[in-house]
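Per mature numbering (1 follows the signal peptide of the UniProt record, and there is no 0): the sequence shown = residues -20 to -1, 1 to 88.
To start, the structure under review is shown below, and the notes come after it.
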Amino acid sequence: MKLFAAAGLMALTLVGCGSAPTQQDNYMDASFELCNTEVKVYSVSDDGRVRIVCADGSKFALRSEATLETMRNINADYCSGEGLSKFNESQRYYQFRCKSGETISINK
């Protein structure tokens, strides 16, 4: 009987591990990429806004998953994946600072 219980528990564990990543999982992965350090605070409000605070003091407030994806691309393309320390979005521009200290402004 104990053998069947152990087998059932193992099956449930494997099913839980095999599930597809959720939107929250994707946000968390991206926040680690953007911080390039430990994430101290990560929250999603009822209106879908994402707030991230990195261990080094960098802070990000994102309007949507689309903004997060843009930040990930900017980090990869302009900051060599080292992370962002600042990010601002206007109607026409993205302005950001890489962890290296370089400040860049690009058209949308």
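Where is the CB? At the ideal position from N, CA and C, for every residue including glycine.
These numbers come from a predicted model, not from an experiment.
Pairwise C-alpha distance: residue j and residue i
i	j	result
residue 89	E69	A question about residue 89 goes unanswered here, because the residues of the chain that appear run from -20 up to 88.
Q75	S85	4 Å
E13	N53	10 Å
L64	T50	12 Å
S44	S25	11 Å
A(-14)	S(-2)	Low per-residue confidence applies at A(-14): pLDDT is 43, beneath 50, and the placement is therefore not dependable enough to give any value.
R31	A46	14 Å
N55	G28	22 Å
E82	V19	22 Å
In DSSP terms, what residue i is bridged to
i	result
L42	V30
I78	One detail in the question is off: residue 78 reads as Cys in this sequence, not Ile. Answer is L64, bridged to C78.
S85	Q75
Assigned exposure category for residue i - 16 Cβ within 10 Å defines buried
i	result
S60	exposed
S80	exposed
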